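Novice: So the mapping is simple: the numbering used here equals the position in the sequence shown, first residue as 1, plus 608.
C-beta atoms are modelled at their ideal positions from N, C-alpha and C, and glycine is treated no differently.
Only a predicted model underlies this, so the values are computations on that prediction, with no experimental measurement involved.
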Amino acid sequence: MARSPGRRPISRSRFAPTSLKAPLAAPSPDAPKRRTLYGRSKGKALRRRQAELIANALPALEIETERLAAGAPLFAAQPSELWLEIGFGGGEHLIAQALANPEIGLIGCEPFINGVAKALAGVERHRLANVRLQTGDARLLLGATPTATLSRIFILYPDPWPKRRHHKRRLISNETVAELARIAKSGAEVRFATDIDDYAGWTLARFLASPDFRWLAESANDWRTPWDGWAPTRYEAKALAAGRAPVYLTFQRR
Numbered sequence: 609m610a611r612s613p614g615r616r617p618i619s620r621s622r623f624a625p626t627s628l629k630a631p632l633a634a635p636s637p638d639a640p641k642r643r644t645l646y647g648r649s650k651g652k653a654l655r656r657r658q659a660e661l662i663a664n665a666l667p668a669l670e671i672e673t674e675r676l677a678a679g680a681p682l683f684a685a686q687p688s689e690l691w692l693e694i695g696f697g698g699g700e701h702l703i704a705q706a707l708a709n710p711e712i713g714l715i716g717c718e719p720f721i722n723g724v725a726k727a728l729a730g731v732e733r734h735r736l737a738n739v740r741l742q743t744g745d746a747r748l749l750l751g752a753t754p755t756a757t758l759s760r761i762f763i764l765y766p767d768p769w770p771k772r773r774h775h776k777r778r779l780i781s782n783e784t785v786a787e788l789a790r791i792a793k794s795g796a797e798v799r800f801a802t803d804i805d806d807y808a809g810w811t812l813a814r815f816l817a818s819p820d821f822r823w824l825a826e827s828a829n830d831w832r833t834p835w836d837g838w839a840p841t842r843y844e845a846k847a848l849a850a851g852r853a854p855v856y857l858t859f860q861r862r
């Protein structure tokens, strides 16, 4: 049975048995100091319009990590908050959040260039001024982000790397959780979604082991139900079509 610190227990969590096998030590073997970005950065050849967006629109929106680390402003108008989506895929959720929250500055990170092109198309179509993008390894962006900067962080359907020998490639590690704690403001939320039970358990274990986060779930319905204002993604649609039930985990920075 998984327990939420300071909350009543949540029984029969389908992912809890994999999440609480043993206490986690620091530093963790799943978090080496130097990590490599795995997976593709490009798939199908870009269509002409997509290539034009990458060449002409991306330079104005792409974040330079050096300027970010120096505290340079990212937007012409100062946003009320900064939110980050790590691995935005085709950009459906990122664009929906930007449309629904024009006062918020949205940062999207995605190494897959085809997804970046789709997000750029959405930014252009809706004339969004509150979106900035980063196209490399998310860990470089995290490392460059100043302390206590972000009010919300989305990690939606990251690659689960299901084979045990590949688990070290997973985005979520003790190291990543510590970095998220550093860049998140007090009270900020990390919202994580996956359709892979093992990855849900893996993620839950690492956040529960952190003194910097608390899990907000009070009942099983909390992690079975998406957040208010949820914008479904193509990955979620594929999971539901395959009969896999998504898990939605919310962690709050203490």
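At the level of alpha carbons, what is the spacing between ALA684 and GLY837?
Specialist: 26 Å
Novice: For TYR765, does the three-state DSSP call read helix, strand or coil?
Specialist: coil
Novice: Under 8 Å: do the stretch 839-847 and the stretch 752-765 share three or more Cβ pairs, one atom per stretch?
Specialist: yes
Novice: What residues match up with LEU741 in a beta bridge as DSSP calls it?
Specialist: GLU670 and GLY716
Novice: Quick check: the Cα distance between LEU632 and ALA653, rounded to an integer number of angstroms?
Specialist: Low per-residue confidence applies at LEU632: pLDDT is 34, beneath 50, and the placement is therefore not dependable enough to give any value.
Novice: Using DSSP's beta-bridge definition, name the partner residues of ILE694.
Specialist: CYS717 and ILE763
Novice: Counting Cβ pairs closer than 8 Å, one from the stretch 656-674 and one from the stretch 726-741, do we hit at least three?
Specialist: yes
Novice: Run through DSSP, which three-state label would ARG733 get?
Specialist: Note: ARG733 maps to helix in three-state DSSP.
Novice: Taking DSSP's pairing of strands, which residues face PHE815 in a bridge?
Specialist: DSSP lists no partner for PHE815.
Novice: Helix, strand or coil for ALA663? Go by DSSP, reduced to three states.
Specialist: Residue state, collapsed to three classes: helix.
Novice: Buried or exposed: where does THR833 fall if 16 or more other Cβ atoms within 10 Å of its Cβ makes it buried?
Specialist: So THR833 counts as exposed.
Novice: Could you name the residues of the same chain whose beta carbon sits closer than 8 Å to that of HIS734, not counting the 5 residues immediately before and after it, in chain order?
Specialist: ILE703, ALA706 and LEU707
Novice: Would PRO687 and GLY713 qualify as a contact pair, given that the criterion is a beta-carbon distance under 7 Å?
Specialist: yes
Novice: Across the stretch 823-832 and the stretch 720-733, are there enough close Cβ pairs to call them in contact, namely three or more that are closer than 8 Å?
Specialist: The stretch 823-832, when compared against the stretch 720-733, does not touch it at the 8 Å Cβ threshold.
Novice: On a Cα-Cα basis, can you pick out the residue from LEU758, ILE715 and TYR856 that is closest to GLY744?
Specialist: Measuring from the Cα of GLY744, the nearest candidate turns out to be ILE715.
Novice: Taking DSSP's pairing of strands, which residues face ALA792 in a bridge?
Specialist: LEU758
Novice: For PHE800 and ILE694, I'd like the C-alpha separation in whole angstroms.
Specialist: 10 Å
Novice: Based on the DSSP output, what are the partners of TYR856 in its beta bridges?
Specialist: For TYR856, which the question treats as bridged, DSSP gives the partners ALA801.
Novice: From LEU812 to GLN658, what distance separates their C-alpha atoms?
Specialist: 37 Å
Novice: By Cβ distance, which residues of its chain are closer than 8 Å to ARG852, with the 5 residues on each side in sequence left out?
Specialist: Hits under 8 Å: ASP803 and ILE804.
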